[in-house]
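So in the numbering used here, the last one in the first sequence is 1593, and the numbering has no gaps at all.
Glycine is no exception: its CB is placed at the ideal position from the N, C-alpha and C atoms.
No experiment lies behind these values; they were computed from the predicted model shown.
Below: the structure, in structure tokens.
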Amino acid sequence: MKLATWNVNSLSVRLPQVLEWLKTNPVDVLVMQEIKMTDDKFPADIFRSAGYCAEWFGQKTYNGVALLSRTQASDVVKNIPGFDDDMARVITATVNDVRVVGAYFPNGQAPGTEKFEYKMEWLKGLRDWLKTEMPAHPKLLLMGDYNITFDDADVWDPQGMRDQIHCTDEERYHLNALIAMGLTDSHRLFAQAPKSYSWWDYRDFGFRRNRGLRIDHILVSAALKPLVKSCVIDTTPRKNERPSDHAPVVIDIA
DNA sequence: ATGCCTCAGCTCCTGAGA
């Protein structure tokens, strides 16, 4: 079973690229973030024609998430139960007995801002919910745009970005707390090329110079960990005309 | 350099992203 996550940065703009990518990469599940459209605009019919069922949770201008699957998803949950949020950031569903959580973690802007505080509260809310969701669904993936790096290896300029957004100890505390709950970073289960990133700034030829961050992650539960066959960041779509700033991450599970 | 791109919208500038 192959699953992927991709922050598409506007599904309206990226729809042709998503369809093209799915043709070459016929994954069983694709979770998308930042679809940036209201529910009535979601192109469910087009995905249906491409062979995918869809669940979506949209929002105007910002945020918005969706989950595509070859087979019908069930038990769909939108956002984090128990955590009040007016932003559409999480969509969860069961596909082939696997619980898939697709999430767009808050950006946080900068330490010391209200948005950073919201990011911290959101991360706590996510964890509180997972405390019950994980035991209820032993086979679980938490995948999406985390907007947090694990360590220096995920950062093109660790010195320059020290204590900056995506790289602060506070954010990494919450990321490591997810690991402490029994989740595993599937990317690090395998030998990966050095300087493997999933996001590159549009400005200053970020991609061409490989000035990036690894902030899109696929974490797996203990029951899934031994079944993971590979985890790959696909930089191909970043080479398109008008690309998303993020690349898809793909996991293969036995 | 409170910028550099890109996207959406109360659209020809601004806020937000990361």
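Proximity of residue i and residue j at Cβ, strictly below 8 Å
i	j	result
arginine 1409	aspartate 1367	yes
methionine 1426	alanine 1405	no
aspartate 1484	isoleucine 1554	yes
glycine 1397	methionine 1376	yes
aspartate 1573	alanine 1586	yes
threonine 1344	glycine 1441	yes
arginine 1550	tryptophan 1495	yes
alanine 1593	lysine 1568	yes
glycine 1421	glycine 1464	yes
leucine 1350	isoleucine 1374	yes
Residue i in three-state terms, based on DSSP
i	result
aspartate 1367	coil
alanine 1333	An answer regarding residue 1333 cannot be provided, because it is not within the stretch 1340 to 1593 covered by the chain.
arginine 1611	For residue 1611 there is no data in the structure shown, the boundaries of the chain being 1340 and 1593.
aspartate 1655	Since the first and last residues shown for the chain are 1340 and 1593, residue 1655 lies out of range.
glycine 1464	helix
isoleucine 1590	strand
leucine 1361	helix
threonine 1410	coil
leucine 1469	helix
threonine 1523	strand
leucine 1558	strand
histidine 1476	coil
First and last residue of the uninterrupted alpha helix (DSSP H) at residue i
i	result
threonine 1431	From DSSP, threonine 1431 is part of no alpha helix (DSSP H) but of the beta strand (DSSP E) over 1429 to 1434.
phenylalanine 1386	1383 to 1388
Other residues of its chain near residue i: CB distance less than 8 Å, five sequence neighbours each side excluded
i	result
asparagine 1520	Just to set this straight, residue 1520 is methionine in the shown sequence, not asparagine. Closer than 8 Å at Cβ, skipping near neighbours: Arg1466, Leu1469, Lys1470 and Met1473.
lysine 1454	Pro1445, Asn1446, Gly1447 and Gln1448
aspartate 1493	Tyr1536, Leu1552, Arg1553 and Ile1554
tyrosine 1541	Asp1584
aspartate 1502	Pro1450 and Asp1508
Residues sharing a beta bridge with residue i, DSSP
i	result
lysine 1458	Partner(s): none; lysine 1458 has no beta bridge.
alanine 1405	Met1371 and Trp1395
lysine 1568	Note: lysine 1568 sits in no beta bridge, so no partner.
glycine 1551	Trp1539
histidine 1585	Trp1538
valine 1494	Leu1552
Contacts around residue i, its chain only, beta-carbon distance under 7 Å, and the 5 residues preceding and following it disregarded
i	result
proline 1582	Pro1576
glutamine 1356	Pro1576 and Asn1579
serine 1560	Met1473, Pro1477, Lys1478, Leu1479, Gly1521 and Leu1522
alanine 1412	Cys1392, Glu1394, Leu1406, Ala1432, Thr1433 and Val1434
arginine 1428	Asn1402, Val1404, Asn1418, Ala1442 and Tyr1443
Nonlocal neighbours in the same chain, by C-beta distance under 6 Å from residue i, ignoring five residues either side
i	result
leucine 1514	Ile1487
isoleucine 1590	Leu1342, Ser1525, Ile1557 and Cys1570
tryptophan 1395	Phe1381 and Ala1405
isoleucine 1385	none
Boundaries of the beta strand (DSSP E) in which residue i is found, first to last residue
i	result
threonine 1344	1341 to 1346
valine 1415	1413 to 1417
methionine 1482	1479 to 1484
Contact test: residue i Cβ vs the ligand ADP heavy atom, cutoff 7 Å
i	result
valine 1368	Because no ligand of any kind appears in the structure shown, any question about the ligand ADP cannot be addressed here.
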